[in-house]
Amino acid sequence: MSLHTSAVERLCLRDIPLSSYSTYGIGGAANYVALPETIDDLTALYQDCKQKGLPWYTFGMGSNILFPDQPSKDMVFISLKRFTELKVDRGKWFVSAGTPMSMLSLMGLSGGTDLLDFTFLLPGCLGAGIYMNAKYNQGQICDIIDTVYYIDLSSPSLSVQSIHSSACDFAYKQSIFQHHPWIIVGADLSVPVQSEEQIQYMSSLVPVWKDRGNHPSSLPHFFSFFLGEVHALAGNGFATPQSMLDVIKYRTGKRHFDYPSCGSVFKNNYDYGVATGSLVEQLNLKGLEHGGAIISPHHGNMILNQNQAKASDILYLMDVITEAIERKFGFVPEPEIVLV
Ligand SMILES: Cc1cc2nc3c(=O)[nH]c(=O)nc-3n(C[C@H](O)[C@H](O)[C@H](O)COP(=O)(O)OP(=O)(O)OC[C@H]3O[C@@H](n4cnc5c(N)ncnc54)[C@H](O)[C@@H]3O)c2cc1C
3 MSLHTSAVER LCLRDIPLSS YSTYGIGGAA NYVALPETID DLTALYQDCK
53 QKGLPWYTFG MGSNILFPDQ PSKDMVFISL KRFTELKVDR GKWFVSAGTP
103 MSMLSLMGLS GGTDLLDFTF LLPGCLGAGI YMNAKYNQGQ ICDIIDTVYY
153 IDLSSPSLSV QSIHSSACDF AYKQSIFQHH PWIIVGADLS VPVQSEEQIQ
203 YMSSLVPVWK DRGNHPSSLP HFFSFFLGEV HALAGNGFAT PQSMLDVIKY
253 RTGKRHFDYP SCGSVFKNNY DYGVATGSLV EQLNLKGLEH GGAIISPHHG
303 NMILNQNQAK ASDILYLMDV ITEAIERKFG FVPEPEIVLV
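What follows is the structure, given as structure tokens:
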């Protein structure tokens with residue numbers, strides 16, 4: 003390959019359906035999709051896009067995104083899901099942005115701490131988990147982060163900068179990263195490294211995930227991979243804790259991995275005080291279908307792609323829910339999924 007090949011030419015797949023990169027299984031063909039595995043490649047892509055005047059969109063596993071049926075022809079879609087790296091430095095874990103959050107729970111289990119259990123079977127990569135401040139029950143990503151590393155896309159050098167978690171303005175599904183052109187490249191965890199065995203186990207898991215765990219963005223595949231790993235750990239003497247068994251029970255009970263979806267479509271309105279899913283249930287909207295999409299009969303705040311749904315089908319059902327909630331309960335629910 004010529005030394006002068008540009009990063010976009012070198013790293014982009016061409017004419018790729020975005021549906022393969024979203025757990026919704028929705029999204030038309032994109033002209034450019036890149037899966038950089040290092041910070042150098044990621045930075046080179048941004049530099050090249052800037053030079054060529056191409057717009058870009060950065061994402062992770064696509065488990066909180068609704069891609070358009072007809073993506074913009076010039077847009078370079080950059081998924082960080084192959085940028086998976088774990089490093090130990092002075093007793094602290096550095097975890098790269100593309101590492102699945104669920105892998106953190108295995109780190110905790112193999113290291114004898116329960117602080118990371120809440121990330122078990124939480125779809126998505128750490129970068130987006132920080133961006134969205136992902137949560138499960140009482141656990142939030144911000145609780146386990148010490149320092150976040152990011153690229154400021156407005157700075158010409160695109161050098162990596164750092165920010166302590168106390169300055170990240172974390173709140174319910176909120177972070178400072180939603181208000182700046184900053185791309186998270188990784189973070190130091192506040193959970194210390196426990197043992198050499200833990201480092202070895204985690205280091206061996208990364209290539210396995212890269213090889214067979216993370217392509218395409220399929221929920222059943224994600225579920226079976228991490229279920230398999232937790233069983234393997236149990237076979238090696240690390241018994242699955244009750245908290246993780248509860249996660250399996252909850253998520254399988256709500257059928258989280260049966261159909262393509264992006265999880266909860268709307269945020270909960272804590273001022274109102276009732277979960278959005280319960281409001282949808284009170285409105286008798288569970289099970290409502292449009293095109294290939296359906297409001298989950300098992301969870302009022304999930305809209306499933308049950309049969310080759312289009313983005314427009316999901317948007318239609320979101321509008322129905324929004325209007326009904328506003329009419330009956332007097333507020334407009336805020337979307338949680340990101341509409342690209
Ligand atoms: C079945 C199911 C269950 C779910 N359950 C939960 C749950 O219990 N709790 C919860 O919080 N969420 C839940 N989600 C939603 C999802 O898991 C989280 O929002 C997760 O953080 C998304 O990760 P991702 O890598 O897929 O992000 P993506 O969907 O790829 O991206 C989401 C957003 O983050 C931005 N982003 C991604 N990476 C970066 C980065 N490195 N730097 C800056 N911005 C970035 C993107 O631009 C986009 O705006 C669920 C989803 C599904 C499908």
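Here the sequence shown stands for residues 3 to 342, numbered as in the working numbering.
For glycine and all other residues, C-beta sits at the position ideal for the given N, C-alpha and C.
7 Å CB neighbourhood of S245 in its chain, flanking five on each side removed: Excluding residues within five positions, the ones whose Cβ falls inside 7 Å are D116 and D119.
Kindly give me the distance between the Cβ atoms of K200 and G113, rounded to whole angstroms, as I take these residues to be in contact under 8 Å. The sequence shown places Gln at residue 200, rather than the Lys named in the question. That belief holds up - the Cβ atoms of Q200 and G113 are roughly 4 Å apart, short of 8 Å.
Beta-bridge partners of D171, as assigned by DSSP: Looking at the DSSP output, D171 bridges to nothing.
Exposed or buried, which one is A311 when buried takes at least 16 other CB atoms within 10 Å? Buried: at least 16 other Cβ atoms inside 10 Å.
Beta-carbon proximity check, L155 vs L128, cutoff 9 Å: The Cβ-Cβ distance between L155 and L128 does not fall below 9 Å.
What are the boundary residues of the alpha helix (DSSP H) that C51 is part of? Counting along the chain, the alpha helix (DSSP H) containing C51 begins and ends at I41 to K54.
With DSSP run on the structure shown, which of helix, strand or coil describes P102? In the structure shown, P102 sits in a strand (DSSP, three-state: E or B).
Quick check for students: name the residue ranges of the alpha helix (DSSP H) that lie wholly in the segment 120-146, counting only runs of 4 or more. Whole alpha helix (DSSP H) segments, 4+ residues: 128-134.
So I339 and F333 are in contact, right, with Cβ under 8 Å, and what is the actual spacing, rounded? Not quite, the Cβ-Cβ distance comes to about 18 Å (not below 8 Å), so this is no contact.
I want to check one thing, is the minimum distance from the CB of V35 to the heavy atoms of ligand 1 below 8 Å? For ligand 1, not one heavy atom lies less than 8 Å from the Cβ of V35.
Pull up the CB-CB distance for D190 and F96, whole angstroms please, since I reckon it's below 8 Å. The pair is a contact, with the Cβ atoms about 5 Å apart (cut-off 8 Å).
Nearest-angstrom beta carbon gap, F240 and L88 [assumed within contact, 8 Å]: Between L88 and F240 a beta carbon distance of about 18 Å is seen, past the 8 Å cut, so the two are scored as non-contacting.
Going along the chain, which residues of its own chain have a beta-carbon closer than 6 Å to the beta-carbon of M3, five neighbours each way excluded? Any reading at M3 needs caution, since the residue's pLDDT is 47, under 50, leaving its predicted position unreliable; the model's value is listed next. Apart from the 5 residues on each side of it in sequence, M3 has no Cβ closer than 6 Å to any other Cβ in its chain.
Buried versus exposed call for Q53 [16 or more other C-beta atoms within 10 Å across all chains shown]: Exposed is the call here.
Count the other CB atoms within 10 Å of the CB of A173; is the residue buried (16 or more) or exposed (fewer)? If you draw a 10 Å sphere on the C-beta of A173, you find fewer than 16 other C-beta atoms in it, and that means exposed.
Starting from the C-beta of A32, find all residues in its chain whose C-beta is less than 7 Å away, skip the five residues before and the five after it, and write them out in chain order. I18, L20, P73, M77 and F79, listed in sequence order.
Comparing the CB of T254 with every heavy atom of ligand 1, is any distance shorter than 8 Å? No, Cβ of T254 sits at least 8 Å from all heavy atoms of ligand 1.
DSSP beta-bridge partners of N307: Beta-bridge partners of N307 (DSSP): A295.
Test item: CB-CB of V35 and S104 under 9 Å: In this structure, S104 does not lie closer than 9 Å to V35 by Cβ.
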